[in-house]
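Enquirer: Numbering (my numbering), first residue to last: -17 to 532.
The beta carbon of each residue, even a glycine, is placed where N, CA and C say it ideally should be.
Take a look at the structure:
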């Protein structure tokens, strides 16, 4: 189709959609639109709903004869008419997200609450965690993500029965009228949710609220498509009119917050971010040392390679180094120089923030380059498609959301080395669109590290681009289906397995401990058995590496 014909078709659909929406009261239409996109079966049609929001937000006022939507019959007539007049977006709605209803959870304050996994981004819980690490030093950013999470939790918890249904992938671009019981409950929640979360709204500020009539929607098909791909198509969390606050695109609300802060282009990595990243790692690995740490190689102070934390393992020492996108090249160059100096025999020492030094050795012999593993972790950016240049090996690079996915799933750091070997073995044959770290890790796990069996040596390998998110959903769903209401230490650093009837066994990932948890009514009863490493004032030993404190 010629561009002019495409733009005319887009214009005609806009005008037809506007003519329909102008017949209805704006707030009622907004609530009905929100109900439609919240219905799980409609999770595969987010772009059409964004298009409808664009048109609705441009309407300046209600006409005197505006039609209210007060009954299910009204809602059904409205929805059927809307589904007829809006356009199709086959190239934008080519993904089938999970049509879930709270099977996964995220932290909210001291608790863990349900959220939507299937949305405009993949692995939404991991992106939320990456966001919280990246903007750990900014209360406003945390408050806005809290608001997005609270909206989802409040809606999900209002209809808990939907959480027990078998989750399937939503059909691409599919829409249907939500059933009456869903409409009634969801409409009631949406009418009062603004008041229910009023305290959170005040803490988050009102920068993401919108008032009808001042929005200027894209006027061409290409402009709209580009806005969708860049994550800027609907940069608002809710629309407000006549005292009613109606959330928009609730499933995609965390993605909106991520893009809002990514567009601020904040530079650098804060001390809070490094500590939050170190905490994430420390909750999942026993032999970790929290930073930030300064690396000394011989007589050189490596200030351009800040270390958030370290992990010791049988395969060596892992340095987790966080940076923003602008600093990738600088850290990559520094890592390359570090390896070169270590190969020449330069000793390694780490400086703590309090001025103390930490030197490392294995059997009283300093670490060699093969035992040193530098991982650059790039802080959260926006949700739009992007690419970064990989550093020269053996340095590795992971975007923070992928780091969260992989390190939350690792059995131990040694498994990470097997994963890198798996990646390196496939690298020359992989399609450019099959190089996502999460997709590769999922294929590594599902194939037990053998992607191509036998003596076959393919020259081209294409992976399912959604392998990572589908695998991660199954992993998280299994975890949360077993999880107790509370964890012994408040962290997620536990592996869960079902014991005798009603009892969950928890094995700590961060120290030697086992817990047993059961529920009696609303009470959770837990027994904790374990011990911690005994430290001396001068030195302590961890598996594979002797550490001395100076």
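Can you look up residue 531 in the DSSP assignment and give me helix, strand or coil?
Expert: Its pLDDT being 35, under 50, residue 531 is placed unreliably by the model, and nothing is read from it.
Enquirer: Taking C-alpha atoms, which residue in 426, 413 and 449 lies nearest to residue 440?
Expert: Of the candidates 426, 413 and 449, the one whose C-alpha sits nearest the C-alpha of residue 440 is 413.
Enquirer: To test your reading of the DSSP string, which unbroken beta strand (DSSP E) runs of 3 or more residues are found completely within the segment 80 to 133?
Expert: 86 to 90 and 93 to 97
Enquirer: For residue 102, I'd like the list of residues in its chain whose CB is within less than 6 Å of its CB, leaving aside the five on either flank, ordered along the chain.
Expert: 28, 234 and 237
Enquirer: Can you tell me which of the three DSSP states residue 453 falls into?
Expert: helix
Enquirer: Cutting at 8 Å between CB atoms, please list the residues of its own chain near residue -10, excluding the five before and the five after it.
Expert: none
Enquirer: Please classify residue 211: does DSSP put it in a helix, a strand, or coil?
Expert: helix
Enquirer: Pick out the complete beta strand (DSSP E) segments inside the segment 222 to 268, 3 residues or longer, and give them in chain order.
Expert: Qualifying beta strand (DSSP E) stretches, in chain order: 226 to 229.
Enquirer: Just to confirm the assignment, what range does the alpha helix (DSSP H) spanning residue 64 have?
Expert: 54 to 67
Enquirer: Could you tell me whether the segment 218 to 235 touches the segment 351 to 360, where touching means 3 or more Cβ pairs closer than 8 Å?
Expert: no
Enquirer: Within a Cβ cutoff of 8 Å, which residues of the same chain sit near residue 173, ignoring the five residues on either side of it in sequence?
Expert: 13 and 226
Enquirer: Indicate the three-state DSSP secondary structure (helix, strand or coil) for residue 538 in the structure shown.
Expert: The question about residue 538 has no answer here: the residues shown for the chain are numbered -17 through 532.
Enquirer: Taking 7 Å as the threshold (C-beta atoms), are residue 165 and residue 17 in contact?
Expert: A contact, by the Cβ cut-off of 7 Å.
Enquirer: With distance defined between alpha-carbon atoms, name the residue in 148, 113, 459 and 158 nearest to residue 25.
Expert: 158
Enquirer: Tell me whether residue 553 sits in a helix, a strand or coil according to DSSP, three-state version.
Expert: For residue 553 there is no data in the structure shown, the boundaries of the chain being -17 and 532.
Enquirer: State the CB to CB distance for the pair residue 300 and residue 357, rounded to an integer number of angstroms; the pair is presumed to be in contact (CB under 8 Å).
Expert: About 6 Å separates the beta carbons of residue 300 and residue 357, which is inside the 8 Å limit, making them a contact pair.
Enquirer: May I ask you to list the residues that DSSP assigns as paired with residue 271?
Expert: 292
Enquirer: Cutting at 8 Å between CB atoms, please list the residues of its own chain near residue 90, excluding the five before and the five after it.
Expert: 128, 131, 132 and 135
Enquirer: Hey, out of 468, 498 and 467, whose CA is closest to residue 479's CA?
Expert: 498
Enquirer: Would residue 363 and residue 243 be called neighbours here (beta carbons separated by less than 7 Å)?
Expert: no
Enquirer: Jot down the residue ranges of each uninterrupted beta strand (DSSP E) in the segment 143 to 208, minimum 3 residues, whole runs only, in chain order.
Expert: 191 to 193
Enquirer: By Cβ distance below 6 Å, which residues in the same chain neighbour residue 50 in space, the five residues on each side in sequence not counted?
Expert: The residues are 7 and 10.
Enquirer: Alpha carbon to alpha carbon, how far is residue 280 from residue 506? Give it in angstroms, no decimals.
Expert: 53 Å
Enquirer: Does the pairing of the segment 383 to 394 with the segment 58 to 77 give three or more beta-carbon distances under 8 Å?
Expert: A contact is defined here as three or more CB-CB pairs under 8 Å, and the segment 383 to 394 fails this definition with respect to the segment 58 to 77.
Enquirer: Does the distance from the CB of residue 45 to the CB of residue 96 come in under 7 Å?
Expert: no
Enquirer: Could you pull out every residue in the same chain whose Cβ sits closer than 8 Å to the Cβ of residue 307, ignoring the five residues on either side in sequence?
Expert: 360, 361, 363 and 370
Enquirer: Using CA coordinates, which residue listed in 256, 214 and 229 is at the minimum distance from residue 246?
Expert: 214
Enquirer: In three-state DSSP terms, what is residue 487?
Expert: strand
Enquirer: Would you kindly work out how many angstroms separate the C-alpha atoms of residue 457 and residue 411, rounded to a whole number?
Expert: 28 Å
Enquirer: Helix, strand or coil: how does DSSP classify residue 285 here?
Expert: Strand, per DSSP.
Enquirer: Does residue 21 come out as helix, strand or coil in the three-state DSSP assignment?
Expert: coil
Enquirer: Just the Cα atoms here: how many angstroms apart are residue 285 and residue 429?
Expert: Those two C-alpha atoms are separated by around 40 Å.
Enquirer: Can you grab the Cα-Cα spacing for the pair residue 55 / residue 22, in whole Å?
Expert: 20 Å
Enquirer: Taking its Cβ as the centre, do 16 or more other Cβ atoms sit within 10 Å of residue 47, making it buried, or is it exposed?
Expert: exposed
Enquirer: Going by alpha carbons, who is nearest to residue 142 out of 85, 183, -5 and 112?
Expert: 85
Enquirer: Excluding five sequence neighbours on each side, which residues of the same chain lie with their C-beta closer than 6 Å to the C-beta of residue 111?
Expert: 386
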